[in-house]
Amino acid sequence: MKRVVVRLALLAALAATLGGCSDAIYAAIDKAQKTATNTLSQTMSVFDIAVPASGTYYVAAGAIFQGTLSGSTVDWTPNTSTTSRPWNPTGLICNAMTLFGANLYGGFVASDGTPSLYQSSAGFSFASGATPLTTQTPGEQITSLSAANGRLFVGGASFSSASNAYVYQLESSATGTAPWNTIFSPGQAYPFVPVFYDGTSYWTASNATLFQGNAALTFLANPAQSWSTINGVFAAPVGVVIVATKSNGVYYSLNGGGAWTQVQPDHQGSVTVSYLCVSPAIATGIYLVGSDGYGYYTLNTSAGTLSRYGDSTTALYSASVSRIVLDTSSNVVLMGTNAKGLWRTVYDSGNGNVPASGQSWINE
Amino acid sequence: MVLATLSVPAFAADAPAGPSTSQYSLGDQTMSINAGLFLPLFDLPSGVIFLSGSPPQLTPGAVGSLSWAAYVSPQIRVGIDIAGNFTLDPNSNVLLMLPFVAKASYIFSFYPFELPVTFGLGANIVKYTSLSTLDLLLRPGVGLYWIYNSSWSFGANLNYWFDMQFNTTAANSRYGSFLEFSLSALYHF
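Those sequence lines, one after another, are chains A and B. Take the first sequence: its letter number 283 is residue 284 in my numbering, and every next letter is one higher. Take the second sequence: its letter number 80 is residue 83 in my numbering, and every next letter is one higher.
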């Protein structure tokens, strides 16, 4: 009997020792924070985020969710129900959204695949009082919506019978309605990322091609460098253009694309970005860069470093990040992911720490 | 179990020959069922007190277990048990533990009471949201039982759980401390 029990004890200890190197549950519990009463699904995919006012957030994830910051929590409406979509036009799901002027603009798709572009009502609802702008949307899919330098840019897709594949185009409008300026038609073989304006030029990208546009919206491909695998471009308000590549770290320019600096990540491997998202400046020279499966990186253009977020106790550590948006009045950063929900934390605009001291990431 | 405890007679039905002599010997076996309160204490080395704060990092929870043991001498029995417990985090996410423990007890007899001092070692399956792990668990404890008759005893256990959760990133390794207080019905056969 003794022998049996001793063997069982040794077996249990061995199993625990071998299996113990797994998830850090207590470390996660140490940092657990109370979230609001109405929370979001922690496994939803976030396509877009808009911040029309400080502490007011809209998230496009099929349904549109509206959140209100109160103290340290955000209360979300609707809650996790996918059948209640009070902000969506009836029967449509939202896959793109941006704030332009005083309205939100949403890209929607119906169950039969028909796309539509909507301008929200003054209350940011697409359900009632919204203006459908479908005639201004070419093709069969809206892939990106962005506002830059007083223009609304719509990235779309259409099916080409000649090539038997989708081709992508880009249009813009100074008013959010007609007339629309067609920039690329037919376009590239890959979707256009959101357009950004650095004070002098417009920037966008379509997979391996970087585009720089002038005031007349004439875009030049690969303006300064031959890019192997560009997945996006971002121009921050301070005039810093950042480009992330799929396998060669991150490139950034501090002089409007005149010269580029490459920086590699601080861990083995390379930054992989499926659909680039970069935050506006957190602090001077500090940006967040979303990756495909490695969470996010902090780019410090002063130090020339690219540091991976290192808390492996959170699901954000291995997330594919689709959007990073700041609420600068509240020092809140919102990060949308693919199938790992929406994340929120408070940043320090002084030293650029994300999260700020004493804060942690909350999976909304 | 509580009703059973309250309904038993005030004096043991089967008195042994001597006041401090165990009435059990090699080969005798026991089965017990236990249920009670599970209190999260603290986490090391982070120093987080689980019950502090509003809401706390972990709430008080419940624990239950089934146990088997066999006497290897009149004062010592060895065995195993399978337990389950849960507590809740600030967002009502469940922290679930399912340990299986090998244990040895030295039993002090003060008829009609017994006081087993137990040391357990085992593996602890821990689940929390989408996370899971297998930990090494040390579980010393003490109990106090009233011997109703030669077959049944009723009492309570106070066990300290020291759950060692190792992680490949050393900074994420933690040692969680918990306290179990459970009522018990123990059957001899």
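Cβ atoms here follow ideal geometry from the backbone N, Cα and C, with glycine treated the same way.
Alpha-carbon spacing of B/Gly50 relative to B/Leu61, whole angstroms: Indexing the second sequence from 1 puts residue 50 of chain B at position 47. Indexing the second sequence from 1 puts residue 61 of chain B at position 58. Rounded to whole angstroms, B/Gly50 to B/Leu61 spans 14 angstroms at the Cα level.
Secondary structure of B/Ile170, DSSP reduced to three states: In the second sequence, the residue the question calls residue 170 of chain B occupies position 167. The amino acid occupying residue 170 of chain B in the given sequence is Asn; Ile does not appear at that position. DSSP places B/Asn170 in coil when its eight states are reduced to three.
Cβ pair count under 8 angstroms reaching 3, the segment 59-77 of chain B against the segment 140-159 of chain B: Taking one beta carbon from each stretch, the segment 59-77 of chain B and the segment 140-159 of chain B have fewer than 3 pairs nearer than 8 angstroms; the two do not touch.
Neighbourhood of B/His191 by C-beta distance below 8 angstroms, restricted to the same chain and skipping five residues each side: In the second sequence, residue 191 of chain B corresponds to position 188, counting from 1. Around B/His191: Tyr27, Asp31, Gln32, Thr33, Ser153, Ser154, Trp155, Ser156.
Supposed contact pair A/Ala51 and B/Leu134 - C-beta distance, whole angstroms, cut 8 angstroms: Against the second sequence, residue 134 of chain B aligns to sequence position 131. Against the first sequence, residue 51 of chain A aligns to sequence position 50. For a cut-off of 8 angstroms, the C-beta gap from B/Leu134 to A/Ala51 is around 31 angstroms, too long to register as a contact.
Cutoff 6 angstroms; reference B/Thr90; Cβ partners in own chain excluding five residues on either side: In the second sequence, counting from the first residue as 1, residue 90 of chain B sits at position 87. Leaving aside the five residues that flank B/Thr90 on each side, the residues in its chain whose CB is nearer than 6 angstroms to its CB run, in chain order, Pro43, Leu61, Thr62, Gly64, Leu98.
3 or more residues per run - each beta strand (DSSP E) lying fully within the segment 139-170 of chain B: You should have 155-168.
Residues of the segment 167-185 of chain B with Cβ closer than 9 angstroms to any Cβ of chain A, in chain order: Within the segment 167-185 of chain B, the residues whose Cβ lies closer than 9 angstroms to some Cβ of chain A are Met167, Gln168, Phe169, Asn170, Thr171, Thr172, Ala174, Asn175, Ser176, Arg177, Tyr178, Gly179, listed in chain order.
Ranges of the beta strand (DSSP E) found wholly within the segment 20-70 of chain A, counting only runs of at least 3: Correct list: 49-54, 57-62.
Own chain partners of B/Ile52 with C-beta closer than 7 angstroms, once the 5 adjacent residues on each side are dropped: Counting from one through the second sequence, the residue named residue 52 of chain B turns up at place 49. Spatial neighbours of B/Ile52 in its own chain (CB-CB distance under 7 angstroms, excluding positions within 5 residues in sequence) are listed in chain order as Phe45.
Residue range of the unbroken beta strand (DSSP E) whose run includes B/Ala38: As a working note, residue 38 of chain B is residue 35 in the second sequence. First-last of the beta strand (DSSP E) with B/Ala38: 32-47.
Best match in A/Ile363, A/Ser147, A/Gly108 for proximity to A/Ser174 [C-alpha to C-alpha]: As a position in the first sequence, residue 174 of chain A is number 173, starting the count at 1. Restricting attention to A/Ile363, A/Ser147, A/Gly108, the CA atom closest to the CA of A/Ser174 is found in A/Ser147.
Short Cβ contact (9 angstroms threshold) for A/Phe125 with A/Trp88: As a position in the first sequence, residue 125 of chain A is number 124, starting the count at 1. As a position in the first sequence, residue 88 of chain A is number 87, starting the count at 1. Taking 9 angstroms as the Cβ cut-off, A/Phe125 and A/Trp88 qualify as a contacting pair.
Short-range partners of chain B found in the segment 23-38 of chain A, where Cβ spacing is below 7 angstroms: For the segment 23-38 of chain A, the residues whose beta carbon sits under 7 angstroms from a beta carbon of chain B are, in order, Ser23, Asp24, Ala25, Ile26, Tyr27, Ala28, Ala29, Ile30, Asp31, Ala33, Gln34, Lys35, Thr36.
Through-space distance from B/Pro59 to A/Gln189, alpha-carbon basis: For the purposes of this step, residue 189 of chain A is taken as residue 188 along the first sequence, with counting starting at 1. For the purposes of this step, residue 59 of chain B is taken as residue 56 along the second sequence, with counting starting at 1. Near 54 angstroms, if we compare the C-alpha coordinates of B/Pro59 and A/Gln189.
Reduced DSSP secondary structure (H/G/I, E/B, other) of B/Leu99: For the purposes of this step, residue 99 of chain B is identified with residue 96 of the second sequence, where counting begins at 1. B/Leu99 carries a strand assignment under DSSP once its states are collapsed to helix, strand and coil.
Nearest residue (CA-CA) to A/Asp31, options B/Gly144, B/Ile36, B/Leu54: Counting from 1 along the first sequence, the entry for residue 31 of chain A is found at position 30. Considering only alpha carbons, the answer is B/Leu54.
CB contact flag (A/Thr314, B/Asn94, <9 angstroms): Start at 1 with the first residue of the first sequence, and residue 314 of chain A comes out as number 313. Start at 1 with the first residue of the second sequence, and residue 94 of chain B comes out as number 91. No, the Cβ-Cβ distance between A/Thr314 and B/Asn94 is not below 9 angstroms.
Completely contained beta strand (DSSP E) runs for the segment 305-350 of chain A, where each covers 3 or more residues: For the segment 305-350 of chain A, the full-length beta strand (DSSP E) segments reaching 3 residues or more read 306-309, 322-328, 333-338, 343-347 along the chain.
Proximal residues of chain B, C-beta to C-beta of A/Thr99 below 9 angstroms: In the first sequence, residue 99 of chain A corresponds to position 98, counting from 1. Per Cβ cutoff of 9 angstroms: no residues; A/Thr99 is ~31 angstroms from chain B at best.
Buried versus exposed call for A/Gly214 [16 or more other C-beta atoms within 10 Å across all chains shown]: Sequence index remark: in the first sequence, residue 214 of chain A carries index 213 (1-based). Residue environment: A/Gly214 is assigned as buried (16 or more neighbouring CB atoms within 10 Å of its CB, all protein chains considered).
Cut-off 7 angstroms between Cβ atoms - residues of its own chain near A/Ala149, not counting five sequence neighbours on either side: The residue given as residue 149 of chain A occupies position 148 in the first sequence. Val196, Phe197, Tyr198, Tyr203.
Assigned exposure category for A/Ser82 - 16 Cβ within 10 Å defines buried: For the purposes of this step, residue 82 of chain A is taken as the residue at position 81 of the first sequence. Note that A/Ser82 scores a pLDDT of 47, beneath 50, so its modelled location is shaky; the value from the coordinates is reported in the next line. That one is exposed.
Beta carbon of B/Ala105 nearer than 9 angstroms to that of B/Val120: Mapped onto the second sequence, residue 105 of chain B falls at position 102. Mapped onto the second sequence, residue 120 of chain B falls at position 117. For the 9 angstroms CB-CB criterion, B/Ala105 and B/Val120 do not form a contact.
Residues sharing a beta bridge with A/Gln263, DSSP: The residue you call residue 263 of chain A lines up with position 262 of the first sequence. According to DSSP, which records beta bridges pairwise, A/Gln263 is partnered with A/Tyr252.
B/Tyr131 at chain A interface by Cβ criterion, 9 angstroms: Along the second sequence, read from residue 1 onward, the residue named residue 131 of chain B stands at position 128. Output row for B/Tyr131: interface = yes.
Three-way DSSP call (helix, strand, coil) for A/Asn165 in this model: Counted from its first residue, the first sequence places residue 165 of chain A at position 164. A/Asn165 carries a coil assignment under DSSP once its states are collapsed to helix, strand and coil.
With 16 other Cβ atoms within 10 Å as the buried cut-off, status of A/Pro90: Position 89 of the first sequence, counting from 1, holds the residue named residue 90 of chain A. Buried: at least 16 other Cβ atoms inside 10 Å.
Residues that B/Val51 contacts on chain A, provided the C-beta gap is smaller than 7 angstroms: If you number the second sequence from 1, residue 51 of chain B lands on position 48. Near B/Val51 (Cβ distances below 7 angstroms), the residues of chain A are Asp31.
Closer than 9 angstroms to chain B by CB, A/Thr210: Taking the first residue of the first sequence as position 1, residue 210 of chain A is located at position 209. For A/Thr210, no Cβ of chain B is located within less than 9 angstroms of the residue's own Cβ.
Coil, strand or helix - B/Asn94 by DSSP: Counting from one through the second sequence, the residue named residue 94 of chain B turns up at place 91. Reduced to three states, the DSSP call for B/Asn94 is coil.
Opposing strand residues paired with B/Gly87 [DSSP bridges]: Mapped onto the second sequence, residue 87 of chain B falls at position 84. In DSSP, B/Gly87 forms a bridge with B/Gly67.
Range covered by the beta strand (DSSP E) that runs through A/Trp77: Stepping through the first sequence from its first residue, residue 77 of chain A is reached at position 76. Taken as a continuous stretch (DSSP letters only), the beta strand (DSSP E) holding A/Trp77 covers 74-78.
Contacting positions in the segment 299-329 of chain A - beta carbon closer than 9 angstroms to chain B: So the close ones are Gly311, Asp312, Ser313, Thr314, Ala316.
A/Gly259, buried or exposed, once every other Cβ within 10 Å from all chains shown has been counted against 16: Numbered from 1 along the first sequence, position 258 holds the residue referred to as residue 259 of chain A. With fewer than 16 other Cβ atoms within 10 Å, it is exposed.
Candidates A/Tyr318, A/Gly296, A/Ala282, of which the one nearest A/Tyr348 by Cα: Here the question's residue 348 of chain A lines up with position 347 in the first sequence. A check of alpha carbon separations from A/Tyr348 across A/Tyr318, A/Gly296, A/Ala282 identifies A/Ala282 as the nearest.
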